[in-house]
Every structure is written in structure tokens, then in C-alpha cells.
Amino acid sequence: MEWFEIKSPKKIPAMIASLSLDQRLRRLIYMNSVMPEFHVGDPDIYQVHLSSLRLTVLQEALDDDLKQLFLLINKAMAKGGIPRRPIIFQLLALLMTNPEATADQKNRIMAKVLELSDNDKDFFGFICCYTRSRAGCKLPTSVAKGVRKFYGAKNPEELARSIAASERICGWSHKDLIKLAHVKPNSPLMSAVFNYILTRKLDEDATEAQLEVLRIIKQAEQLRRCVDPAEAAILLKTSEFSLEHLMPSLTGSEQVWNAVLLKLSTQQILGLLLKLHKLNFLTPASLISCLVIQLLTDPERVEK
Numbered sequence: 174m175e176w177f178e179i180k181s182p183k184k185i186p187a188m189i190a191s192l193s194l195d196q197r198l199r200r201l202i203y204m205n206s207v208m209p210e211f212h213v214g215d216p217d218i219y220q221v222h223l224s225s226l227r228l229t230v231l232q233e234a235l236d237d238d239l240k241q242l243f244l245l246i247n248k249a250m251a252k253g254g255i256p257r258r259p260i261i262f263q264l265l266a267l268l269m270t271n272p273e274a275t276a277d278q279k280n281r282i283m284a285k286v287l288e289l290s291d292n293d294k295d296f297f298g299f300i301c302c303y304t305r306s307r308a309g310c311k312l313p314t315s316v317a318k319g320v321r322k323f324y325g326a327k328n329p330e331e332l333a334r335s336i337a338a339s340e341r342i343c344g345w346s347h348k349d350l351i352k353l354a355h356v357k358p359n360s361p362l363m364s365a366v367f368n369y370i371l372t373r374k375l376d377e378d379a380t381e382a383q384l385e386v387l388r389i390i391k392q393a394e395q396l397r398r399c400v401d402p403a404e405a406a407i408l409l410k411t412s413e414f415s416l417e418h419l420m421p422s423l424t425g426s427e428q429v430w431n432a433v434l435l436k437l438s439t440q441q442i443l444g445l446l447l448k449l450h451k452l453n454f455l456t457p458a459s460l461i462s463c464l465v466i467q468l469l470t471d472p473e474r475v476e477k
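Quick note on the working numbering: the sequence shown kicks off at 174 and runs consecutively.
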């Protein structure tokens, strides 16, 4: 939702007019709303009247040069008590689209995004909110620099595992971001990963080290495309990947589950018991039942 599409309210509602900037920002961070009520989802889409109030408070945060907002965000993230982490990245994305934000403020907002991003989902969530909240498909300099720093902080193996873990995050792929921000590889090994991301081809003169890193991505792709239970079971045993990479049609295979369960922790197995029951795999003396009992009663596994 564009800033110019939402008019700031001429008068702040009485119930929040007496609140300090600190209190208003706390409500945004913890409840995703300036009003005394929690809202799931994005007010820019579902509650436009709430969005106008939110933008007004974010404008106040800019007028405060982001001091109070960053202080509260740091405290909130340190405590780990935020109902939804994406709220923080939504707010930072909206601040980046404010036409009154200075270049210095935008650079500090991007630095904060990079600092707070614990994983790809955090950063891609910010990119998703940012691009949805502004016109145009190109990334401005401040955001493009942030994207380049995001990839510059990754090593080739880490990037390969990110791609293997998920082809798209929040509707975006690594290929999208690398092309839009014109990210350049910082090493021959990273160059091989970038080339595979962009072309899905291996260099003819790829080194052993490059092939070893790219093997991570190719194994994940092979498992995602696999439709044969026996082949999938072998791939599961010889790779680091698990249930999330399987075709949905393979979840009805006892052979596949036998391979999957061996890779899971006790907590993960407990979380899948209902699914296994619905698939009729937990009947007395069945192969899967015996395996589950064995894994859940193994003292070494339970201690982990």
C-alpha cells in the first residue's frame, strides 16, 4: 500500500491521542496496530483505517530519527516475546517506502534489517513487504546495497543450503534478488553457485570443490522431482534432506517413511504421530509402529 494512497487521519482518535510515542510504537511492534487490539495479517490489506494510523505513528518515528523505534525493536527482539517476527520487518519495509525518509535513515533501516535477519525468511519477508508497498519493479540503491550485503555475508555452502532448503521464500527466489540487485560473486566458488542459480547449468571446467557445493542443490532438486518410493528412500538415506523435500504423493509410502523417521528427532517424530495414524501406519506390529517404538524408547535419542 503506497504512502500517498493512505491519507493520514486529520485527528488522532481520543483513545490513543494521550499515548506517548513510546506507547504507540510498542503497540505497533507487539500488536500490529496502534489501537488496543491485536490484528493478524497486514492492516494495509485488511484494515485500511488502521493502516493510516500506523503510517502516522511511523512518520513520528522518522521525525524522531528512528531513535525510539530502534531502541524498542532491539529490546523486543532480545526478549523474544514478539507475537510475530514478520511484524518488525513489515514496519521497517513501510519506513523504507516513506518519501520523507532521508538517505541516511534508509541506510540505517537497511542495516537494522540485516542485523535482525536471523534467516532467509526474515530478509525475504522484508523484501516482499517492501516491494508490495511501493510502485515500480526496480530496487532503489539503498535496498540493492542491502541485498548485496546480505549475499556478501553468505559463504558458498551456506547459500547452496539456502537454495536447497526452499526454491521460493515469500514469493521470491534467490535468482530474483540476485538479478534485481546485480549481485556479484566474491569468489570462484560463489561464482559457480551464482551461475547455477541463474542458468541451472554446471560449468564444464567446474572444480571438485565447486561440484561438491553444487551437489547440495542438485540432491535437493533430485529429491523434489522423485516420484519413485524406492529411489526416494535411497536419496533420503544418502542426503541431508527430509520430509519437506518430498513429493506429496510419496507420503503414503511405508518405504519412504522408514527412511524419513531415521532422520528425525524425538520431538519431530512426536509431532508426526497423528499424521502417521491417519495414514494407517501405526497399526499393531506394523513396520512403522515397531520403528517408532524403537526410536522413542532409545535412551540416547530421547536425551537429545
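No residue lacks a Cβ here, since even glycine has one placed at the ideal position from N, Cα and C.
Starting from Ala337, trace the alpha helix (DSSP H) in both directions and tell me its first and last residue.
The continuous alpha helix (DSSP H) containing Ala337 extends over residues Pro329 to Ala338.
Only counting the same chain, and skipping five residues up and downstream in sequence, which positions put a Cβ closer than 8 angstroms to that of Asp195?
Taken in chain order, the residues that qualify are Gln241 and Leu245.
How is Ile342 classed by DSSP in three states: helix, strand or coil?
strand
Burial state of Leu469 (16 or more Cβ within 10 Å)
exposed
DSSP three-state label for Asp195, please.
helix
How is Thr304 classed by DSSP in three states: helix, strand or coil?
helix
Is the stretch 260-278 close to the stretch 199-207, with three or more CB pairs under 8 angstroms?
yes
Rounded to whole angstroms, what's the CA-CA distance from Gly319 to Ala276? Just pull it up for me.
13 angstroms
Could you spell out where the alpha helix (DSSP H) holding Thr314 opens and where it closes?
Thr314 to Gly325
Three-way DSSP call (helix, strand, coil) for Gly444 in this model
helix
Three-state secondary structure (DSSP) of Ala190:
helix
Go through its chain and collect everything with a Cβ distance to Leu353's Cβ below 6 angstroms, but skip five positions before and after it.
Leu312
Ends of the alpha helix (DSSP H) at Pro361?
Pro361 to Thr372
Is it buried or exposed, Asp238, if we count other Cβ atoms within 10 angstroms and call 16 or more buried?
exposed
Quick test of the definition: if touching needs 3 or more C-beta pairs under 8 angstroms, does the stretch 382-398 touch the stretch 330-348?
yes
Separation of Asn431 from Ser462, as counted between CA atoms:
10 angstroms
Alpha helix (DSSP H) runs wholly inside the stretch 396-430, at least 4 long, in chain order
Counting whole runs of 4 or more residues, the stretch 396-430 contains the alpha helix (DSSP H) stretches 402-411.
What residue range is occupied by the uninterrupted alpha helix (DSSP H) comprising Met269?
Arg258 to Met269
Looking only at C-alpha atoms, which of Val465, Met283 and Val230 sits nearest to Gln440?
Val465
Is the stretch 447-456 close to the stretch 358-374, with three or more CB pairs under 8 angstroms?
no
Distance CB(Ser415)-CB(Val433) smaller than 7 angstroms:
Here Ser415 is near Val433, since their CB atoms are less than 7 angstroms apart.
Collapsed DSSP secondary structure at Leu452 in the structure displayed:
coil
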